[in-house]
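Written below as structure tokens is the structure these notes are about.
In our numbering, the protein residues as written are 41 to 270.
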């Protein structure tokens with residue numbers, strides 16, 4: 041699966057946009073337990089993993105870590121990233137090495153990201169649009185979880201999803217029973233800005249593709265697909 045030369049140039053331009061976050065933030069596209077890695081499902085000319093990277097790096101993430109398992113689908117995603125994400129795009133693949141799911145914080149640690157850096161945890165089946173930087177200042181010491189609806193044109197076909205901002209684990213807590221529950225270990229819940237939808241199957245990818253082609257999905261455009269990798 042590849043892109044035409046024009047399409048590939050436009051896609052790479054998105055990966056090199058100026059980073060706008062004031063505080064360095066990294067995103068981890070992490071495995072979903074019980075779900076085969078959906079990263080190579082095609083959406084309007086690009087695989088899901090490409091759409092996710094376009095979203096996250098385009099909004100200003102300082103880097104993206106892609107967690108992969110040992111299954112064939114994961115290996116295909118790893119190969120795609122290796123073939124398409126050179127030239128300083130700050131995309132790192134981390135293998136779970138037999139574990140079903142190592143989690144966003146552990147994947148970030150294995151990629152060399154310091155423990156004090158906030159990490160955006162993006163499920164491997166989630167595609168969205170919109171800036172997530174607003175999650176940083178509204179997070180409590182345990183992070184924040186944002187709940188998203190799918191695009192309005194797809195509310196009957198696709199499910200929404202969640203994005204978590206994970207803070208570094210706290211070694212001790214001085215909270216008391218008089219403090220709110222979320223201050224005693226729960227991330228702040230908020231309504232996400234923009235949209236996000238879960239793409240878990242070819243049928244879901246097809247539904248998203250059709251909506252993109254008809255201009256019904258804000259922030260996404262169709263790319264021309266060619267039979268050989270450009």
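We put the beta carbon where it would ideally sit given N, CA and C, even for glycine.
This one's a predicted model, so the numbers in the text were calculated from it and none came from an experiment.
Suppose the cutoff is 6 Å on Cβ atoms and the five residues either side in sequence are ignored; what does the same chain contact list for residue 249 look like? What you label residue 249 is simply residue 209 of the chain shown in a count that begins at 1. Take residue 249, set aside five residues on each side of it, and the residues of its chain with a beta-carbon closer than 6 Å to its own are 83 and 84, in chain order.
8 Å Cβ shell around residue 184 - same chain, five flanking residues per side excluded: Indexing the chain shown from 1 puts residue 184 at position 144. Excluding sequence neighbours, residue 184 sits near 175, 178, 204, 205, 227, 228, 229 and 230.
CB residue 159 to CB residue 150, shorter than 8 Å? Counting from one through the chain shown, the residue named residue 159 turns up at place 119. Counting from one through the chain shown, the residue named residue 150 turns up at place 110. The answer is no: Cβ separation not under 8 Å.
Between the beta-carbon of residue 70 and the beta-carbon of residue 170, is there less than 8 Å? What you label residue 70 is simply residue 30 of the chain shown in a count that begins at 1. What you label residue 170 is simply residue 130 of the chain shown in a count that begins at 1. The answer is no: Cβ separation not under 8 Å.
Please name the residue, chosen from 201, 240, 207 and 191, that lies closest to residue 251 on a Cα-to-Cα basis. If you number the chain shown from 1, residue 251 lands on position 211. Among 201, 240, 207 and 191, the Cα nearest to that of residue 251 belongs to 191.
When DSSP builds the beta bridges, which residues end up paired with residue 107? Start at 1 with the first residue of the chain shown, and residue 107 comes out as number 67. Answer by DSSP bridge pairing, in chain order: 134.
Hey, residue 173 and residue 100 are a contact pair by Cβ (cut 8 Å); roughly how many whole angstroms apart? Position 133 of the chain shown, counted from the start, is the residue given in the question as residue 173. Position 60 of the chain shown, counted from the start, is the residue given in the question as residue 100. Contact holds; Cβ gap of about 6 Å.
Under 7 Å from any heavy atom of the ligand GDP, does the C-beta of residue 107 make it? Absent from the structure shown: the ligand GDP. Ligands present: none.
Local Cβ density within 10 Å of residue 232, reported as buried at 16 or more and exposed below that: Here the question's residue 232 lines up with position 192 in the chain shown. Within a 10 Å sphere around the beta-carbon of residue 232 sit 16 or more other beta-carbons, which makes this residue buried.
Extent of the continuous beta strand (DSSP E) to which residue 204 belongs: As a first step, residue 204 is located in the chain shown; it is residue number 164 there, counting from the start. Element bounds for residue 204: 201-206.
Thinking C-alpha only, which one of 80, 88, 92 and 130 is nearest residue 115? Here the question's residue 115 lines up with position 75 in the chain shown. Nearest C-alpha to residue 115: 80.
How big is the Cα-Cα spacing for residue 97 and residue 103? Here the question's residue 97 lines up with position 57 in the chain shown. Here the question's residue 103 lines up with position 63 in the chain shown. The alpha-carbon atoms of residue 97 and residue 103 are separated by roughly 7 Å.
Quickly, what does DSSP pair residue 168 with across the bridge? List them, please. In the chain shown, counting from the first residue as 1, residue 168 sits at position 128. Paired residues: 236.
Cβ pair residue 166, residue 91 closer than 8 Å: Translated into the one-based positions of the chain shown, residue 166 becomes position 126. Translated into the one-based positions of the chain shown, residue 91 becomes position 51. Taking 8 Å as the Cβ cut-off, residue 166 and residue 91 do not qualify as a contacting pair.
Determine which residues share a DSSP beta bridge with residue 70 and list them. Position 30 of the chain shown holds residue 70. Answer is 163.
On the criterion of 16 or more Cβ atoms from any shown chain inside 10 Å, does residue 154 qualify as buried, or is it exposed? Numbered from 1 along the chain shown, position 114 holds the residue referred to as residue 154. Burial call: exposed.
Residue 131 versus residue 105: straight-line alpha-carbon distance, rounded: Indexing the chain shown from 1 puts residue 131 at position 91. Indexing the chain shown from 1 puts residue 105 at position 65. Residue 131 and residue 105: Cα-Cα distance of roughly 6 Å.
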